[in-house]
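Only one structure is covered here, and it is reproduced in the block below.
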C-alpha cells in the first residue's frame, strides 16, 4: 500500500495493472475470504477507528458505529454474492453443427474490467470511503483499486487504507491490488491514467461532472459511476396530512436533520397540500425545542456551502420561512430551517429548488390539487429516492403521484422516508441525472459489483483454457443458462 | 410512423415520450407478440426487401437473405427472452422489523429507460439497421425507438420503417413507439433531444466519437452504445501453421474477403510465425485465381475509404505486399490485398496498423518467438473478437497468447475465425475501446436488452402499486432472488 501526494502515480497504476490478472483469476472463495478478512480487520480496529472518524468529521460516534457496521456488513454481503456466483451470468450455448450456419460452442460470463479508481465521500467516512461500497464492489469484482482519500478525514483514510493493504498482504496478494493516494490534482490525474479502467465517485455535482468529463473525454473513454446530487422529493397527500399530520411532521424533521442533514438521501423538496395543518405542525414542533440546535457539520467548507445555499434559497421570491433559524456566516454549526412556497413559487424558482442544499433544511411546496401536484412532479430532476405518503382512499392521487415519482427516481418509497439505506440484494442506490452520472447501475447493494465487470464470450474454447465457472460440469455450482434454459445449482 | 428530414424532430420525440409509459407497462407477452409480429411482417415482405437491399448496397442476395433471417431470428429470440423474464432481475428482500435498523420490504427489477435513438449501419442493411439489433433490443426493453436511417440504403430503410410502424399500429400501440428520421444533422440533433434517454450506434470511429461526445456532453449525459472499429487479431501458432497451413490460408482468405471484407468482425491483423510457409500458401492461393476479383463495395464513399486506407498501409516503411492487387482511385470494385510486416514493422507503425481498414485486406505480422508474440499482442487495441489457431503441443504459446487476446476482446475464439456471429443467449458482441464506446455491454444477443434498462427498487410498496413481476406470488413465473436465495420458476 502506498500513500502518495502526487508523485509516482504511474508506478502505482502500473502495480495495479500487473496485479490485475492474478487478482482476476483468484478463486471466488479466496476473494470472498479476502473481503471477510478486510471486514474482520476493520472490526478489530473499531476502537481506534471510531474516535479518529469522530475527531475528523464531527459525526456522532453512535452514527459512526452504525456506519462501520454497515461497511463491514457490505464486505460480508459481497463475499456471499461471490460464493453464490450467479452474478457471473454464466451462459452456455452448446455447439449445433446442424444449424445453418453451424453454431459453435459459446460460453459467456462477466470478467473484471481492470484497475478501478475510487473517490471517497466527505459524509460517509466509512461506508462511501476507503473501504466503502465502491472499493468493496470493485475488489469483489476482481479489480485492483486505487482510492483517492478525502481531505475531510485524512488520518482515518490513511489508517483505513493501511488496514485494507495489510489484509491484502496477509492474504498473500501483490500490493498492487490496493493503493491509496491523496490530493485533488492526483485524483484528476488518476482518472486520466491509461491503466485505470473505471471510476466510482460520491460527491458534488461540480467535482463529479469535472471528473466525469475527463473520464469520457479520454482517448479511450471509461465508465464513470458518479453519485452527485439528489433532492429526494416527498409527497404528502391531503389524506395523509389529515390522518397523521403530527407523526409525519415529526418523522420528516427527523429525516431532514438526521446526521445534520448530511445524507445524499435527505428529503429536500416536500410537496404538501395547501389545505392542511402540516405546515403549522412543523412550525410548532420546531418551535418546541424538541428539534436539534446548531450542530457541527463535517467541515468548514461544507458549513460555508450550507450557509450559501440557505442565503440563495431565502433570496428567492415567493419563499418564506416556516420555522427554524437562518444559519449565517460566522456560525459554528448548522441550525435546521424549513422553507415554504407554492406551485407558482416552485415554477418560478425551479432551477434553484432542484439543487440539493446539503444540510438540515428542506422546502415545502404547497399544491392546490392532484393535477397541480402531478404537473409539478413532472418537472422534477432525477433523484436517488422519492417518497409518497398517501391513504388508500385517494386512488387518483395515489397512483398518479406514485407513477410520477417512480419515473424520476431509483427507489420509490411508500409511506416512508428516503434516509436509511439497507445494504441488501435488492437495494438500488442510483437514479437519473443529476442523482448519478449513470442510471443503469447502483452504488449500493449486491448488484453494484456489475459496474466493474464486462462480458466476454468464449467460442469453441477447450476445457483447459476455460475459466472454471464456464466448465461443463458446473464445478462452482452457480446459476447458469444452458441452451436457453436456466439451471439452478444443486444447493438452491 | 414519420419519416422526416429534419423538421419536427421535437414532435417526434414528444410522441415517443408520451408513448413511453404505456409501452413500458405492456404485458411481457404482448411485447413479445409485437416483436414476433414485426418479424413476421418483415418475413412476409422478403421478396420485396431483398431486391431493394441488393440494389442499394450491392451485397449478394444470398448474403442478404441470411441477414434478413438473422434479423427476424433476433426479434424472435428477444420475444423468448421476454417470456422467460429472468432479464428483469427480480429481487425481493422481505421486511425484517427485528433487524437493526428495521429492514423494509425491498423489491428491485429493471425498467425501460425511455426513448432510444438508433443509428443504422451501412454494412448490415437489415441486422444493424432499421429493424436490427439495437431497435429490437430497445423495443424488447420497452423503450420507444427513433431510428436514423442510413443514406446508403434510403429506400430499404423507409420501407423497413413502414413495416415496423405498421406492426406497431396493428398491435394497437401509439405511433410514438417507433419513428424513422433521416439526415446526418437530424441524427446529431436527435442525440441532443432531452427526450432521448440512450443511443445505439454502429459505424465509424469518427462519426461514433462525435455522437458519443455529444451524448456524454449533454447537461444530462446519456448512455451511448457505439460499436466503432475493430481489427480482430488472429494468431497462428508455429504448430498450427505447420500442421494445416493450406487450410488456414484458405479459411483466412475466406474470412477476410467475406462480404467484400465489409464486416466489423473481419480479421485485420494476423500474427504468423516467421518460419512458416503460410505466407507462401496465401500468396499461392491468391495467385491461383480461386480468390474473388474486384467486387463492388457498399457505396462509393466506402470504396474511396478503402483505397485511401490501402494507400496509407502501403506507404508504411516495412510493409510488403504478399499477394493481391492494389485497389487504386478510379476502381469500381475492391480487390483483395494481403500485406506483411515483422515485429519491428508492427512496432514502428502500430498506430496505423491498429486502425480498421474496412474492406478485403489484412496485414500479416511475423513474430520470431512466443515471447515476441505475446509482447506484440500486449500492444493491441481493444477488439470485438480475437482468434488463436494453435496445437495442444504448444502449451506455453497456447496459454500465453490466449490470455493476451482475451484481455483485449469481447469474444475469444479457439481455432476459428471472427466472422460469423451467432445471435444467441451467450453471444457477446462488444469489447474495449475502440471496438465499442462501452465494453460493459453487448450489441448482439439476448443480453443486449440490458443496455436500455435501469434498476428501480420499490420500498414498502403496496401490492396494487407494484409491477406484476414484483408481486408476491410470482404471477409471471420468472426467476427471482428472494431473501438472498434463487427461486427458479416452476417451469424450469
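Protein chains in written order, with this note's numbering: chain A, 3 to 494; chain B, 3 to 494.
All C-beta atoms, glycine included, are put in the ideal place defined by N, C-alpha and C.
Note that this is a predicted model, so its numbers are computed, not measured.
Residues of the stretch 412-437 of chain B with a Cβ closer than 8 Å to any Cβ of chain A, in chain order: 412, 413, 414, 415, 416, 417, 418, 422, 424, 426, 427, 428, 429, 430, 432, 434, 435 and 436.
Taking a cut-off of 8 Å on C-beta distances, the stretch 465-478 of chain A does not touch the stretch 465-479 of chain B, as fewer than three cross pairs fall below it. In the three-state DSSP reduction, residue 177(A) falls in the helix class (H, G or I). For residue 349(A), the enclosing alpha helix (DSSP H) begins and ends at 345-350.
Excluding sequence positions up to five before and after residue 118(A), its CB lies within less than 6 Å of the CB of 140, 145, 147, 200 and 454, all in the same chain and listed in chain order.
Residues of the stretch 85-97 of chain A that bring their beta carbon within less than 7 Å of a beta carbon in chain B comprise 88, 93, 94 and 95, in sequence order. Ranking 214(A), 219(A), 213(A) and 491(A) by CA distance to the CA of residue 215(B) puts 219(A) first. Within the DSSP bridge table, the entry for residue 98(B) names 105(B) as partners. Residue 355(A) and residue 347(A) have their C-alpha atoms some 10 Å from each other. Beta-bridge partners of residue 223(A) (DSSP): none assigned. Along the stretch 287-302 of chain A, none of the residues has a CB nearer than 7 Å to a CB of chain B.
For residue 364(A), the three-state secondary structure derived from DSSP is strand. In its chain, beyond the 5 residues on either side, 77, 78, 80, 81, 84, 138, 141 and 142 have a beta carbon closer than 8 Å to the beta carbon of residue 37(B). At the C-beta level, residue 425(A) and residue 447(A) come within 8 Å of one another. By the beta-carbon neighbour count (other beta carbons within 10 angstroms, threshold 16), residue 113(A) is buried. Inclusion of residue 231(B) and residue 250(B) in the CB contact set at 8 Å is not warranted, their separation being larger than that value. Here DSSP, grouped into helix, strand and coil, assigns residue 74(A) to helix. Taking the Cβ atoms as the reference, residue 414(A) lies roughly 7 Å from residue 404(A), within the contact range of under 8 Å. For residue 461(B), the beta-bridge partners assigned by DSSP are 415(A) and 108(B). Interface with chain A (8 Å Cβ-Cβ cutoff): residue 222(B) is included. Between the C-alpha atoms of residue 34(A) and residue 90(A) there is a straight-line separation of about 14 Å. Under the DSSP definition of a beta bridge, residue 114(B) partners with 455(B). Under a 10 Å Cβ-count criterion, residue 155(A) is classified as buried, with 16 or more other Cβ atoms of the shown protein chains found around its own Cβ. Of all alpha-carbon atoms in 22(A), 97(A), 151(A) and 106(A), the one lying nearest the alpha-carbon of residue 126(A) is that of 151(A). Here the alpha carbon of residue 179(B) sits roughly 7 Å from the alpha carbon of residue 170(B).
The alpha-carbon separation between residue 367(A) and residue 406(A) amounts to approximately 16 Å. Annotation note: the stretch 206-252 of chain B contains the following uninterrupted beta strand (DSSP E) runs of length 3 or greater, listed N- to C-terminal: 226-229 and 236-238. Judged by beta-carbon spacing, residue 222(B) lies within the 8 Å limit of residue 435(A), meaning their Cβ atoms are closer than that value. The alpha-carbon separation between residue 433(B) and residue 358(B) amounts to approximately 14 Å. DSSP places residue 59(B) inside the alpha helix (DSSP H), whose first and last residues are 48-59. When 9 Å is used as the limit between beta carbons, residue 449(B) is near these residues of chain A: 91, 93, 110 and 457, in chain order.
Taking a cut-off of 8 Å for Cβ pairs, the stretch 320-337 of chain A and the stretch 229-246 of chain A do not touch, as fewer than three such pairs fall below it. A Cβ-Cβ separation of about 6 Å places residue 395(A) in contact with residue 241(A) under the 8 Å criterion. Between residue 212(A) and chain B, the shortest Cβ-Cβ separation is not below 8 Å. Listed along chain B, the residues sitting closer than 8 Å to residue 401(A) by beta-carbon distance are 467. At least 8 Å separates the beta-carbon of residue 338(A) from that of residue 319(A).
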